[in-house]
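The sequence shown: position 323 = 726 (this note's numbering), numbered continuously. Glycine included, each C-beta is placed from N, C-alpha and C at the ideal position. Here is the structure we will look at.
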Amino acid sequence: MKDKVLAMLKNSDGYLSGEELSRRLGVTRAAIWKAISALRQDGYTIDAVTSRGYRLQPAADVLNRAEILPLLPASFTLAAVEEVVTSTNQAARQAAEQGLPDRSIFVAERQTIGRGRRGRTWLSDSREGLWFSLLLRPQDEASRLSSITLFTGLCVAEALNGLGAAVGIKWPNDIVGIRSGRKIGGILTETSMEENVVRSLIIGVGINISSREFPSEIAGTATSVAMECGLNLRRADVLTAILKAFDRRFATFVQGSWLEDYRQHCLTLGRQVVIHTADGAQWQAKAEDIDAEGELVVTNEHGQLVVVRSGEVSVRGLLGYNN
Ligand code: BTN
C-alpha cells in the first residue's frame with residue numbers, strides 16, 4: 404500500500420485528498436493515513452493541508468526500490484535494499500553462495516559491522532552515507548581482475564564529479580576531497596577463487612554523503628560530500644550514477660584503456676610519498692606513474708624506479724602521513 408500511495412503522490416502535480424487516494428486505491432482513509440505515516444518514517448516529507456490533502460516534497464533522500472529502480476541501468480539486478488545489515492559485502496557473499504547472478508546489487512541504509520580495508524571497521528551505522536556492494540561473477544583469471552578496485556574508484560570519482568562534487572583518488576582507491584585532501588569514500592573488494600579462477604568478486608563501496616561530524620579518531624582525516632562540496636546529493640542518484648559509469652566504462656576495463664583516465668583523477672601522482680615496508684621501515688619517494696597492473700611506480704632517493712604494492716603508501720598532504 405505504501406508503494407502505491409507513494410507512486411500516486413509522485414505522479415500528482417499538486418495536492419491529493421485522502422478521500423481521492425482511498426477511492427482510487429480501494430482502501431479506507433485509515434489505511435491511507437497509515438501508509439502516509441510509514442512513508443514519513445522512511446524519510447519522505449509529505450505536506451498535509453486540511454481540505455486539500457497530501458503533497459510529496461520532491462527530492463527526498465530515501466533508499467528503496469521505488470527510488471532506485473527507475474534510474475538503474477538495465478544490466479544490473481537490484482538484489483536487496485535493506486534498512487539494516489551487518490555488512491553489504493557479507494550479504495552479497497551469502498547471496499553469491501546461493502547463486503545470484505552477475506551484477507547483483509546490495510544496498511543498505513545502515514550497516515552494523517561495516518568493514519574497511521586492512522581489517523579496519525567502516526563507520527556506516529547511519530543513513531548519512533551510501534553503502535552498497537556489487538556482486539560480479541567473472542569466471543576469469545585473477546590476474547585479469549587485479550585492478551577492478553582501481554577501476555571502480557575511477558567510476559566513483561567520475562560519478563561524484565558529474566554530480567557537482569570535486570573529488571579525486573588517493574592511490575589505490577580512497578576517494579578524497581580535492582579541497583581538503585580528506586577521505587570521502589573507500590572501496591573494499593573481496594574475492595572468492597577456485598584454482599586461480601575468480602568465482603565471485605564483491606566490490607563494496609562506502610561514501611560519506613551528508614555526514615556533518617565524525618568521531619574524534621577519524622575527525623581529522625574524514626569528510627563527506629556535504630562538508631567538502633556543500634552539496635545535498637540523493638543517495639539513489641549517487642548509486643545509479645556510479646553504476647552508469649561502471650556500465651559505460653566496462654568495455655574500457657576489459658580492453659585496458661581506462662588507466663589514462665584513472666591517472667587523470669589520481670591525486671597521488673607527482674607528489675612526495677612515504678613508503679612503509681612490511682618490517683616497519685619508512686622511506687620517501689616521488690609517485691611517478693601507475694603501471695598496467697595498477698601498481699604505483701615511484702622514484703626512490705637514489706633516482707631508481709621502484710614498484711610498490713597497495714597498503715604501503717601514504718601521501719604528503721593527503722589524509723596526513725599515517726593513512
Ligand atoms: C576502505 O577502508 O577504504 C573501504 C571501505 C569500504 C566500505 C564499504 S561500505 C559497503 C561495503 N560493505 C562493507 O562492509 N564495506 C564496504
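Query                                                                                                                                                           : Result
Please confirm whether C632 and G567 have their CB atoms less than 8 Å apart.                                                                                   : yes
Please report how far the alpha carbon of I572 lies from the alpha carbon of L670, in whole angstroms.                                                          : 6 Å
Between the beta-carbon of L533 and the beta-carbon of L604, is there less than 8 Å?                                                                            : no
Whose C-alpha, out of T515, E470, G429, is nearest the C-alpha of V409?                                                                                         : Reading off the sequence shown, one finds Leu at residue 409, where the question assumed Val. Nearest C-alpha to L409: E470.
With DSSP as the reference, please indicate the residues paired to Y447 in a beta bridge.                                                                       : Answer is none; Y447 lacks a bridge partner.
Give the straight-line distance between the Cα atoms of T555 and E620, rounded to the nearest whole angstrom.                                                   : 27 Å
Per DSSP, C669 is paired with what?                                                                                                                             : I572
Count the other CB atoms, across all protein chains shown, that sit within 10 Å of the CB of P575; report buried if there are 16 or more and exposed otherwise. : buried
For A560, does the count of other Cβ atoms within 10 angstroms reach 16, so buried, or fall short, so exposed?                                                  : buried
Would I587 be called buried (16 or more neighbouring beta carbons within 10 Å of its own) or exposed?                                                           : buried
Out of L475, R468, G421, point me to the one whose CA is closest to I449's CA.                                                                                  : G421
Considering only residues of the same chain and omitting the five flanking positions on each side of A433, which have a CB-CB separation below 7 Å?             : none
Would you check if the distance between the CB atom of R530 and the CB atom of E512 is smaller than 8 Å?                                                        : yes
State the DSSP-derived secondary structure class of L481, mapped to helix, strand or coil.                                                                      : strand
Can F649 be considered in contact with the ligand BTN, in the sense that its beta carbon sits closer than 7 Å to one or more heavy atoms?                       : no
Between which two residues does the alpha helix (DSSP H) holding K555 run?                                                                                      : With the sequence shown as reference, residue 555 is identified as Thr, and Lys is not the correct amino acid for it. Where T555 is concerned, the enclosing alpha helix (DSSP H) stretches over 551 to 565.
Threshold first: 4 residues or longer. Then list the alpha helix (DSSP H) segments lying entirely within the region 451 to 479, N to C.                         : 468 to 471
Let me know the secondary structure DSSP gives S536 once reduced to three states.                                                                               : strand
Using C-beta distances below 7 Å, list every residue in its chain close to K405, excluding the 5 sequence neighbours before and after it, in chain order.       : A438, A441, L442
If you draw a straight line from the C-alpha of G659 to the C-alpha of S546, how long is it?                                                                    : 13 Å
Terminal residues of the continuous alpha helix (DSSP H) containing I621?                                                                                       : 619 to 622
Going by DSSP in three states, W686 sits in which element: helix, strand or coil?                                                                               : strand
Should T515 and D528 be called a contact, given that it needs their Cβ atoms to be closer than 8 Å?                                                             : yes
For A495, count neighbouring Cβ atoms within 10 angstroms of its own Cβ and tell me buried if that reaches 16, exposed if not.                                  : buried
DSSP on T515, reduced to helix/strand/coil?                                                                                                                     : coil
In whole angstroms, what is the alpha-carbon distance linking G683 and P461?                                                                                    : 53 Å
Just to confirm, does R496 get its C-beta within under 7 Å of one of the non-hydrogen atoms of the ligand BTN?                                                  : no
Who does E531 pair with in a DSSP beta bridge?                                                                                                                  : The partner list for E531 (beta bridge, DSSP) is empty, contrary to what the question assumes.
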